[in-house]
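Quick notes on the structure that follows.
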Amino acid sequence: MATEYPQSEFYGIDAACIFPNCIKPPNTTFQQHDLLDKDGFPYPDEYFDYIHMRLVYNCFSTVDLKFVLAEINRVLKPGGYVEIRDIDPTIKHPGPITEKTFSDFAVRMAQLNAVDVTWTPHICDILASQGELTDIYHQKVSVGFGIEGPIAVSIENSICDAIKSYKKFFMEAYDLASDECDERIDEIIQESKSYRSFFNYYMGWGRKPLVVMETLVGPDATDITMMDGSASVTPFSSASMTSLALAASIPECLPTLPETEANDILIENAYDIVHLTHGFTE
12 MATEYPQSEF YGIDAACIFP NCIKPPNTTF QQHDLLDKDG FPYPDEYFDY IHMRLVYNCF
72 STVDLKFVLA EINRVLKPGG YVEIRDIDPT IKHPGPITEK TFSDFAVRMA QLNAVDVTWT
132 PHICDILASQ GELTDIYHQK VSVGFGIEGP IAVSIENSIC DAIKSYKKFF MEAYDLASDE
192 CDERIDEIIQ ESKSYRSFFN YYMGWGRKPL VVMETLVGPD ATDITMMDGS ASVTPFSSAS
252 MTSLALAASI PECLPTLPET EANDILIENA YDIVHLTHGF TE
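The opening position of the sequence shown corresponds to residue 12 in my numbering, with each subsequent residue numbered one higher.
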């Protein structure tokens, strides 16, 4: 994107120093920084027009996520956009071994790593309630096993690598020796291929209002979740996702996203899935 839009400035931030060294356009800046630093993001208020965050589903507790979203809102300009892309780590249509392993995955992640991995299906709700955004859209795509084509094979290989990268967690969570864990992971992968198991990948994006409601009506304004259906709030459009409670009461919604060919979606998200694996490996 930096090459395609040379007049824009791009900033990358990550807790790990995994930034490119060889290919780096002059309009890019990378910075190593912990998003949970008590002093917040290293940027001034209302600094960015667009903020993109992805593949952090296993990085934050519920409290941490609220902090990060508040900081995103702080550094985003009025009228700017936020996009979040992330995977739901609960495998769908699992076989018996996989289901046994993943049935309490979220609980064990919370116990061992103090993180919440259940929030990704609710990206739109979170963007509205915690991110204080409007004009929210979403898209969901399933990625997994048993789909033909070079892009699908690449995604499948990346998912296999991602599952393997959980070895240390599985050993601790299920009290497995190293060789036992390797065997369990191989069983999960082979079983998932047979059952055509898959993961759901969620994308949600929205806009920061140009004017904060409190500025117009004062600090005693009714909370948005308490407003009736006549409130001028635009819900995200969805026919496939259980929704923001507000959406059900609004008579008019934004137009739904245009239909996208399955192969186009796979191509668009293959890059994200590959990065998912790299993140696990790091």
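Backbone N, C-alpha and C define an ideal beta-carbon position, used for all residues, glycine too. Predicted, not measured: the structure shown is a model, and the values here were computed from it.
So who's on the other strand from residue i, going by DSSP bridges?
i           : result
residue 72  : Residue 72 is not bridged to any residue.
residue 217 : 93
residue 145 : 218
residue 122 : Its beta-bridge partners do not exist; DSSP assigns none.
residue 155 : 209
residue 99  : 211
residue 150 : 214
residue 87  : 59
Measuring only between beta-carbons, confirm whether residue i sits less than 8 Å from chain C.
i          : result
residue 31 : Among the chains in the structure shown there is no chain C, since it carries only a single protein chain.
Need the endpoints of the alpha helix (DSSP H) that residue i sits in, please.
i           : result
residue 189 : 189 to 206
residue 185 : 178 to 185
residue 111 : 107 to 113
residue 34  : Segment: none, residue 34 is in no alpha helix (DSSP H) and carries neither H nor E.
residue 175 : 161 to 175
residue 134 : 134 to 140
Taking the CB atoms as reference points, tell me whether residue i and residue j lie closer together than 8 Å.
i           : j           : result
residue 69  : residue 126 : yes
residue 42  : residue 24  : yes
residue 209 : residue 154 : yes
residue 37  : residue 14  : no
residue 57  : residue 87  : yes
residue 27  : residue 46  : no
residue 218 : residue 90  : yes
residue 134 : residue 149 : yes
residue 211 : residue 142 : no
residue 109 : residue 98  : no
residue 182 : residue 189 : yes
residue 94  : residue 63  : yes
residue 106 : residue 202 : yes
residue 196 : residue 179 : no
residue 100 : residue 213 : no
residue 187 : residue 130 : no
residue 173 : residue 123 : no
residue 61  : residue 92  : yes
residue 44  : residue 31  : no
residue 51  : residue 147 : no
residue 204 : residue 160 : no
residue 39  : residue 59  : no
Could you check where the beta strand (DSSP E) with residue i kicks off and where it finishes?
i          : result
residue 64 : 59 to 65
residue 21 : 21 to 25
residue 40 : 39 to 43
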